[in-house]
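*Asks:* Got a structure for you, written out below as structure tokens; questions coming shortly.
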Amino acid sequence: MIGGALTWFTFTLSVAEWDQQQYVAAALAVHFAVALSAVWNRSRRGYWAFNKTLFLKVLSGILFTGVLIAELLIAISSVGELFDLKIDGWIYGWVTVFFIGFFNTLLVLSDIPITPRTHIVNNNNNDQSTEPYPKGLGNFALFVLLPLVLVFLCILYAYTIRVLFFANFNGSVAAFIIVLAIVCTIVILLVYPLRTVAEHKWTSFYSSWFGRIMIPLCVLLWDAIMVRINEYGITESRYVVIVLACCMTLISVFLALVRDPDLRVIPLILGIACLFGFVGPFSMTTVSYASQTKRLTSILSSYGVLVKR
1 MIGGALTWFT FTLSVAEWDQ QQYVAAALAV HFAVALSAVW NRSRRGYWAF NKTLFLKVLS
61 GILFTGVLIA ELLIAISSVG ELFDLKIDGW IYGWVTVFFI GFFNTLLVLS DIPITPRTHI
121 VNNNNNDQST EPYPKGLGNF ALFVLLPLVL VFLCILYAYT IRVLFFANFN GSVAAFIIVL
181 AIVCTIVILL VYPLRTVAEH KWTSFYSSWF GRIMIPLCVL LWDAIMVRIN EYGITESRYV
241 VIVLACCMTL ISVFLALVRD PDLRVIPLIL GIACLFGFVG PFSMTTVSYA SQTKRLTSIL
301 SSYGVLVKR
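Numbering follows the working numbering, with no gaps: position 94 of the sequence shown is 94.
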């Protein structure tokens with residue numbers, strides 16, 4: 001909350017779309033920093049257990065806060081309708097912002113462990129824990145998300161073959177590749193402890209094969225990005241796609257080359273990317289402004305509106 005207030009006043013942001021994207025980048029950077037706060041002197045399983053608690057608490061916080069916001073907005077609307085009162089639209093917005101920024105934050109922080117539990121690490125560097133793996137979480141990852149990943153892979157590879165031999169390229173494929181990468185990464189993080197379980201030993205091969213399978217799709221993704229950039233330049237939205245493509249490429253190469261990958265590298269890469277996108281000479285606002293200014297100057301010069309002296 002303090003970080004959000006400082007962000008608002010330091011960078012004089014507004015509610016415009018480009019500033020909202022900066023808010024999101026700053027919020028994600030803080031969340032990844034919290035996820036990495038347990039990185040030092042902790043086993044991999046201990047780190048995973050700590051972030052599992054964070055993940056489940058965030059989900060429950062979203063559910064409780066969403067229900068509460070819906071109830072309050074309906075109540076305010078009912079009062080205005082029944083008593084013929086004029087209720088300004090900004091009230092609904094501020095109620096939503098207050099409960100998401102204040103109430104939800106306190107609710108999530110109320111049940112977060114101070115430090116992650118320490119787990120025993122054996123000589124093979126495989127983390128062991130007496131804490132059982134949540135069965136519901138495993139079923140969700142293995143029987144809901146993983147089939148979705150396989151379906152997306154089949155569709156995208158079929159599309160790749162179609163582009164190579166039969167049809168023209170469609171730049172909108174970038175969105176589908178990014179969705180696939182996000183879902184695959186979530187599955188990797190959720191099933192990480194199962195790699196040491198005998199009946200789920202195959203999950204240890206999932207991350208490495210995911211990296212190898214995604215590398216050709218990374219090439220397709222960059223091709224789609226370059227098509228858009230060459231036509232329209234870089235905007236804030238395309239900057240986000242570029243950053244996600246960089247993260248996707250780095251994570252895919254990392255998973256493909258490292259035999260026993262450390263899952264802490266994933267939030268580290270994502271956190272650094274969010275930080276770069278929010279502030280600095282390579283932020284989304286700076287880069288997109290420079291790109292669009294250059295493009296506008298080029299167009300005006302081509303029509304003789306701007307003449308170099």
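Ideal Cβ placement from N, Cα and C applies to all residues, glycine included.
Leaving aside the five residues before and after residue 156 along the sequence, list all residues of the same chain whose C-beta is less than 7 Å from its C-beta, in chain order.
*Replies:* Position 156 of the sequence shown, counted from the first residue, corresponds to residue 156. So the list reads 176, 177, 180, 217, once near-sequence residues are dropped.
*Asks:* Taking residue 206 as part of the alpha helix (DSSP H), name the residues at either end of that continuous run.
*Replies:* To locate residue 206, count along the sequence shown from 1; it is residue 206. It spans 203 to 232 - the alpha helix (DSSP H) in which residue 206 sits, taken as one unbroken run.
*Asks:* Is it right to say residue 209 is buried, meaning 16 or more other beta carbons lie within 10 angstroms of its own, or is it exposed?
*Replies:* Position 209 of the sequence shown, counted from the first residue, corresponds to residue 209. With fewer than 16 Cβ atoms within 10 Å of its Cβ, residue 209 is classed as exposed.
*Asks:* Apply the 10 Å Cβ neighbour rule to residue 139 and answer buried if 16 or more other Cβ atoms are within range, or exposed otherwise.
*Replies:* Along the sequence shown, one-based indexing puts residue 139 at 139. Classification of residue 139: exposed, given that the 10 Å Cβ count is below 16.
*Asks:* Would you kindly work out how many angstroms separate the C-alpha atoms of residue 183 and residue 206, rounded to a whole number?
*Replies:* For the purposes of this step, residue 183 is taken as residue 183 along the sequence shown, with counting starting at 1. For the purposes of this step, residue 206 is taken as residue 206 along the sequence shown, with counting starting at 1. Going by the C-alpha atoms only, they are around 13 Å apart.
*Asks:* Over the uninterrupted alpha helix (DSSP H) stretch that includes residue 283, give me the two end residues.
*Replies:* Indexing the sequence shown from 1 puts residue 283 at position 283. Per DSSP, residue 283 belongs to no alpha helix (DSSP H) and is neither H nor E.
*Asks:* Of the residues 282, 166, 249, 162, which one's Cα is nearest the Cα of residue 266?
*Replies:* Counting from 1 along the sequence shown, the entry for residue 266 is found at position 266. Answer by Cα proximity: 249.
*Asks:* May I have a chain-ordered list of the beta strand (DSSP E) segments no shorter than 3 residues that lie completely inside the segment 243 to 287?
*Replies:* For the segment 243 to 287, not a single whole beta strand (DSSP E) run of length 3 or above is found.
*Asks:* Whole angstroms are fine: how far does the CA of residue 82 sit from the CA of residue 237?
*Replies:* Within the sequence shown, numbered from 1, the residue matching residue 237 stands at position 237. Within the sequence shown, numbered from 1, the residue matching residue 82 stands at position 82. The straight-line gap from Cα to Cα measures roughly 42 Å.
*Asks:* Check for me: the alpha helix (DSSP H) holding residue 87 runs from which residue to which?
*Replies:* Position 87 of the sequence shown holds residue 87. Careful: residue 87 lies outside any alpha helix (DSSP H) and carries neither H nor E.
*Asks:* Are the beta-carbon atoms of residue 35 and residue 51 separated by less than 8 Å?
*Replies:* The count along the sequence shown starts at 1 and reaches residue 35 at position 35. The count along the sequence shown starts at 1 and reaches residue 51 at position 51. Closer than 8 Å, so yes.
*Asks:* Give the straight-line distance between the Cα atoms of residue 22 and residue 290, rounded to the nearest whole angstrom.
*Replies:* As a first step, residue 22 must be located in the sequence shown, where it is residue number 22. As a first step, residue 290 must be located in the sequence shown, where it is residue number 290. Using only the alpha carbons, I get a separation of about 17 Å.
*Asks:* Please identify the residue among 197, 76, 254 whose C-alpha is closest to the C-alpha of residue 45.
*Replies:* Residue mapping note: residue 45 aligns to position 45 of the sequence shown, counting from 1. Residue 45 has its Cα closest to that of 197, out of 197, 76, 254.
*Asks:* Kindly give me the distance between the Cβ atoms of residue 59 and residue 99, rounded to whole angstroms, as I take these residues to be in contact under 8 Å.
*Replies:* Start at 1 with the first residue of the sequence shown, and residue 59 comes out as number 59. Start at 1 with the first residue of the sequence shown, and residue 99 comes out as number 99. With 8 Å as the limit, residue 59 and residue 99 do not qualify as a contact, their Cβ atoms being about 16 Å apart.
*Asks:* Please report the Cβ distance between residue 269 and residue 251, rounded to the nearest whole angstrom; I am assuming they are in contact, meaning their Cβ atoms lie under 8 Å.
*Replies:* Your numbering for residue 269 matches position 269 in the sequence shown. Your numbering for residue 251 matches position 251 in the sequence shown. Yes, residue 269 and residue 251 are in contact; Cβ-Cβ is about 6 Å, under 8 Å.
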